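In UniProt numbering, the protein residues as written are 1 to 513. By construction, the Cβ of each residue, glycine as well, lies at the ideal position given by its N, Cα and C atoms. Note that the structure is predicted; figures quoted are calculated from it, not measured. What follows is one structure encoded as structure tokens, with my remarks underneath.
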């Protein structure tokens with residue numbers, strides 16, 4: 001299959017049109033920019049599913065220092081403190097910028113922003129919109145502005161297949177649209193592709209979110225960071241629908257409690273109880289489920305008939321499933337929700353490959369460490385997008401198109417990989433299963449099937465999980481339950497991962513002789 005060259009005048013290309021991609025494009029205006037979305041805008045972006053809101057120290061009793069302290073505590077020793085401070089100090093201004101762009105944040109009768117409370121926050125600092133539809137409302141506002149911005153060219157239905165690298169620098173990318181392959185020459189590419197939840201059977205993410213940006217970056221030679229850290233949201237609605245609807249942490253912030261089928265509040269004696277960090281709550285629920293108990297979120301006493309007014313979207317989802325949160329507890333279970341790891345970036349979002357940036361969940365800035373603080377994801381996206389755009393704008397648009405690759409990858413399908421990943425990279429992991437999974441994933445990842453790129457991302461994550469022989473934050477090893485004294489971030493490239501995988505497979509074959 002040959003690719004037709006589609007000249008875009010060397011304009012930067014942003015891959016992904018969620019909130020991180022839209023914000024970066026808007027910050028680049030009036031510079032021309034091309035924004036790629038693999039589906040119709042808004043249909044498969046994780047951003048629109050965000051319920052709780054974004055964290056910002058706007059309350060009279062709050063400060064960036066307090067927000068920073070909560071972020072560092074949740075990150076379990078692995079946050080980049082300098083980056084975290086920069087983000088928490090920048091986000092109040094970013095909220096003001098969002099308001100200027102039309103973000104309809106909820107306000108009290110006196111006109112002040114209404115601030116919610118979520119797990120591991122010491123203050124009410126969650127800015128939200130339409131109660132529990134913050135992501136949807138933010139996306140709607142930003143998309144409206146983007147569509148009216150002449151410098152932004154939006155290309156819907158276009159999937160990036162590979163980044164093209166020459167002499168260590170980005171020179172373009174290969175894409176597919178309606179079955180036709182196009183090459184876009186550019187020396188500036190921003191990854192804003194979201195997370196990896198679609199690699200798991202139980203997930204709150206769009207099923208297509210398999211780590212597309214990680215595969216693109218890895219194959220381009222970029223360094224990846226902290227891939228082993230996957231956050232499982234403790235309270236996804238336990239029904240058959242996939243992705244699983246989220247029951248926002250804000251419900252627990254309003255006083256809802258977790259109970260078993262007998263009404264026993266099993267987290268009552270845990271420090272922080274229902275508002276402990278997400279890894280603690282998710283493991284506690286997982287233990288209950290493994291012991292054969294049901295787990296429910298009970299909002300009857302704290303909210304009751306007020307539930308529908310405070311959380312209209314969650315109320316509608318529950319009632320569609322035959323559950324009335326005002327009068328009965330909500331069945332919940334953990335689900336893959338957010339990836340703290342990603343493409344390693346510096347303070348301006350630059351990766352280790354010249355001409356390649358990353359923004360949002362696909363990037364690993366060091367803000368989240370081993371366990372993201374609730375509602376810091378949108379916070380990171382809206383704060384860092386400005387820095388990424390500034391760096392892209394300051395980089396030369398000059399380019400030289402090399403000879404095109406002879407082969408074009410197949411559009412990926414993560415469905416065959418989900419059972420493998422769910423078994424190996426769940427809330428509790430162990431070395432034997434991880435090693436066996438490497439042997440399973442390696443031949444798929446180097447094959448020529450639609451499962452190759454998802455298997456490649458999964459392989460990278462499994463290798464990272466094997467290399468971290470401790471339990472920290474969201475990464476829990478049953479064979480290494482202790483926590484190392486030194487908190488060391490992990491770094492990995494595709495080359496290193498393949499070397500590790502081949503060695504492990506050889507060792508396994510030697511042992512079986």
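Nearest-angstrom Cα separation, counted from residue j out to residue i
i: residue 340; j: residue 304; result: 34 Å
i: residue 115; j: residue 69; result: 18 Å
i: residue 412; j: residue 187; result: 25 Å
i: residue 327; j: residue 266; result: 21 Å
i: residue 76; j: residue 346; result: 21 Å
i: residue 17; j: residue 361; result: 12 Å
i: residue 370; j: residue 475; result: 7 Å
i: residue 176; j: residue 155; result: 11 Å
i: residue 5; j: residue 410; result: 19 Å
i: residue 71; j: residue 60; result: 19 Å
i: residue 215; j: residue 162; result: 9 Å
i: residue 235; j: residue 279; result: 12 Å
i: residue 121; j: residue 374; result: 8 Å
i: residue 25; j: residue 398; result: 19 Å
i: residue 245; j: residue 166; result: 43 Å
Own chain, CB closer than 6 Å to residue i, minus 5 neighbours either side, in chain order
i: residue 137; result: 104, 129 and 130
i: residue 239; result: 321
i: residue 67; result: 57 and 88
i: residue 12; result: 33, 188 and 392
i: residue 38; result: 159
Span of the beta strand (DSSP E), counted from its first residue to its last, around residue i
i: residue 288; result: Here residue 288 belongs to no beta strand (DSSP E); instead the alpha helix (DSSP H) covers 278 to 290.
i: residue 436; result: Unbroken run through residue 436 is the alpha helix (DSSP H), 431 to 445; no beta strand (DSSP E).
i: residue 461; result: Residue 461 -> not in any beta strand (DSSP E); alpha helix (DSSP H) instead, spanning 452 to 467.
i: residue 337; result: 330 to 339
i: residue 235; result: 230 to 237
i: residue 358; result: 356 to 358
i: residue 162; result: 158 to 166
i: residue 175; result: 169 to 177
i: residue 342; result: 342 to 344
Residue from the options whose Cα sits closest to the Cα of residue i
i: residue 388; options: 18, 348, 381 and 382; result: 348
i: residue 261; options: 280, 288, 245 and 282; result: 288
i: residue 10; options: 142, 75, 93 and 170; result: 170
i: residue 336; options: 161, 276 and 204; result: 204
i: residue 329; options: 308, 258, 391 and 148; result: 258
i: residue 308; options: 123, 83, 324 and 208; result: 324
i: residue 195; options: 201, 207, 487 and 185; result: 207
i: residue 478; options: 449, 428, 499 and 488; result: 428
i: residue 506; options: 439, 486, 493 and 375; result: 439
i: residue 7; options: 282, 352, 273 and 153; result: 153
i: residue 237; options: 55, 251 and 351; result: 251
i: residue 242; options: 270, 263 and 202; result: 202
i: residue 127; options: 149, 148, 143 and 99; result: 99
i: residue 352; options: 40, 166 and 222; result: 222
i: residue 338; options: 364, 311, 432 and 357; result: 364
i: residue 487; options: 449, 350 and 78; result: 78
i: residue 449; options: 232, 55, 415 and 143; result: 415
i: residue 282; options: 485, 212, 94 and 232; result: 232
Cβ separation of residue i and residue j, assumed to be a contact under 8 Å, to the nearest whole Å
i: residue 445; j: residue 456; result: 4 Å
i: residue 491; j: residue 483; result: 20 Å between Cβ atoms; not a contact.
i: residue 19; j: residue 139; result: 6 Å
i: residue 160; j: residue 36; result: 6 Å
i: residue 14; j: residue 217; result: Not confirmed; about 14 Å, so no contact.
i: residue 284; j: residue 256; result: At roughly 15 Å, the Cβ-Cβ gap does not stay under 8 Å, so residue 284 and residue 256 are not in contact.
i: residue 343; j: residue 297; result: Going by Cβ atoms, the distance from residue 343 to residue 297 rounds to 34 Å, so no, they are not a contact pair.
i: residue 277; j: residue 141; result: With a Cβ gap of about 31 Å, residue 277 and residue 141 do not count as contacting.
i: residue 62; j: residue 123; result: 4 Å
i: residue 354; j: residue 168; result: 6 Å
i: residue 23; j: residue 385; result: 4 Å
i: residue 530; j: residue 91; result: With the chain covering only 1 through 513, there is no way to say anything about residue 530.
i: residue 190; j: residue 357; result: 5 Å
Residue range of the unbroken alpha helix (DSSP H) whose run includes residue i
i: residue 317; result: 312 to 320
i: residue 31; result: Segment: none, residue 31 is in no alpha helix (DSSP H) and carries neither H nor E.
i: residue 212; result: 212 to 219
i: residue 419; result: 418 to 424
i: residue 91; result: 81 to 100
i: residue 134; result: 134 to 148
i: residue 68; result: 64 to 74
i: residue 485; result: Premise fails: residue 485 is in no alpha helix (DSSP H) and is neither H nor E.
i: residue 251; result: 249 to 253
Own chain partners of residue i with C-beta closer than 8 Å, once the 5 adjacent residues on each side are dropped
i: residue 417; result: 199, 210, 441, 444, 451, 454, 455 and 458
i: residue 107; result: 113 and 114
Sequence-distant residues of the same chain with beta carbon closer than 7 Å to residue i, five excluded per side
i: residue 425; result: 230, 461, 462 and 465
i: residue 151; result: 29, 30, 31, 32 and 33
i: residue 294; result: 260, 261 and 331
i: residue 468; result: 228, 475 and 490
i: residue 497; result: 459, 460 and 463
Heavy atom of the ligand NAD within 7 Å of residue i beta-carbon
i: residue 335; result: Ligands are entirely absent from the displayed structure, and the ligand NAD is therefore not among its contents.
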